[in-house]
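Going letter by letter, the sequence shown gives residues 1 to 239 in UniProt numbering. Here a beta-carbon is modelled for each residue, glycine too, at the ideal position from N, C-alpha and C. Below is one structure; the comments refer to it alone.
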Amino acid sequence: MQHPVTAPPIPERVRTLAVGAAPTHVSVAGSALPATAVRGGVDAEGRPILLVKPDELLYGVTDEIVVTVDLVATRAIESVDRARGMLKVRGWIQPVPADEIRDAAISIAERCPDEDLFAAVESRGPRLLRVDVAQVVYLTGQESGVLDAEDYLAATPDPFLDAAERMLHHVNSAHRAQLVEAVAVLLGAPAPNAWLWELDRFGATVRTAPDNLIRLPWPAPVTSPTALEQALACLLCRH
1 MQHPVTAPPI PERVRTLAVG AAPTHVSVAG SALPATAVRG GVDAEGRPIL LVKPDELLYG
61 VTDEIVVTVD LVATRAIESV DRARGMLKVR GWIQPVPADE IRDAAISIAE RCPDEDLFAA
121 VESRGPRLLR VDVAQVVYLT GQESGVLDAE DYLAATPDPF LDAAERMLHH VNSAHRAQLV
181 EAVAVLLGAP APNAWLWELD RFGATVRTAP DNLIRLPWPA PVTSPTALEQ ALACLLCRH
């Protein structure tokens, strides 16, 4: 008997997390300098884009140097951001080419908005630097490991990510009582702290406690946003 796939392949999962992850710190390989705070986002190819001001580390970079950028993906639970996963992207940093600055700024503005992005586009102080990925270390819930650049960059995020995020936020904000009841039925025990944590084409992940995530796979991977919505509705109706 063939068992259903219960979760996305690791490269796809990591790329999906990276889409909404924000850079938090950057460190320079071989340097005694401590890691410093940084802003920016991740472009459509999965490469970190750093937004650097004139008085910040790396502002004067002209040649490629090796750095490690920490990215953190979060989920708001009761108005508090909780970490879903952390990625450490190691690679060579370089200025974003002048003819690509606008596209780079637009690619990260929707998920990581920052007023200084406009200044960078207009060459009014801040600069955009891009990391040419060499490897990615990931820590996501109970999983950890390393992806090389080829596997990471060849993967694509979940195809229904945007729709899934909208559905997830809607359930957590408007239908949590229904979710709590449905999870309690599935577990055979009360689950008052259940929150929808992740949603993708292979299933849903529910957070019932800070250190407890429960994976609920679909009978088969869904193939459209409509099918994802129907699968989620079936989950919520289990009460």
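Under the three-state DSSP convention, the category residue i falls into
i           : result
R15         : helix
V180        : helix
L57         : coil
N172        : helix
residue 293 : No answer is possible for residue 293: the residues shown for the chain start at 1 and end at 239.
Q135        : strand
D148        : strand
R39         : strand
P225        : helix
Q94         : strand
E143        : strand
R124        : coil
T62         : coil
P5          : The displayed chain sequence assigns Val, not Pro, to residue 5. The answer is coil: DSSP assigns V5 none of H, G, I, E or B.
D114        : coil
Buried or exposed (CB count within 10 angstroms, at least 16 for buried), residue i
i    : result
T62  : exposed
D162 : exposed
V19  : buried
T36  : exposed
A191 : buried
A124 : For the sequence presented, residue 124 should be read as Arg rather than Ala. Looking at its Cβ environment, which holds fewer than 16 other Cβ atoms inside 10 Å, R124 is exposed.
I106 : exposed
A220 : exposed
A73  : buried
P23  : buried
L168 : buried
R82  : exposed
Residues of its chain near residue i, where Cβ-Cβ distance is below 7 Å and the 5 sequence neighbours each way are ignored
i    : result
R238 : A182, V185 and L186
P126 : L51, V52, K53, D116, A119 and A120
S144 : Y138
Nearest neighbour of residue i, chosen from the options [CA to CA]
i           : options                   : result
residue 243 : W195, R127 and N212       : There is simply no residue 243 to check, as the chain begins at 1 and stops at 239 in what is shown.
G203        : A209, I214, H170 and P210 : I214
A149        : Q142, V136 and L216       : V136
N212        : T223, G46, W197 and S31   : W197
Cβ-based neighbour list, residue i, same chain, cut-off 6 Å, excluding 5 preceding and 5 following
i    : result
T140 : G85
L71  : A21, P23 and L87
G40  : P23, I49, L50 and L51
Boundaries (first-last residue) of the alpha helix (DSSP H) holding residue i
i    : result
S107 : I101 to A109
Residue interval of the beta strand (DSSP E) (run including residue i)
i    : result
P48  : P48 to V52
D200 : W195 to D200
G203 : G203 to A209
L33  : Neither: L33 is in no beta strand (DSSP E) and is coded neither H nor E.
Cβ-based neighbour list, residue i, same chain, cut-off 8 Å, excluding 5 preceding and 5 following
i    : result
Q2   : Residue placement at Q2 is flagged as unreliable, the pLDDT there being 48, under the threshold of 50; the coordinate-derived value follows with that caveat. Closer than 8 Å at the Cβ level, and outside the excluded window around Q2, lies no residue.
A156 : The identity of residue 156 in the sequence shown is Thr, whereas the question assumes Ala. Result list for T156: E12 and R15, in chain order.
P9   : A155
G30  : V66
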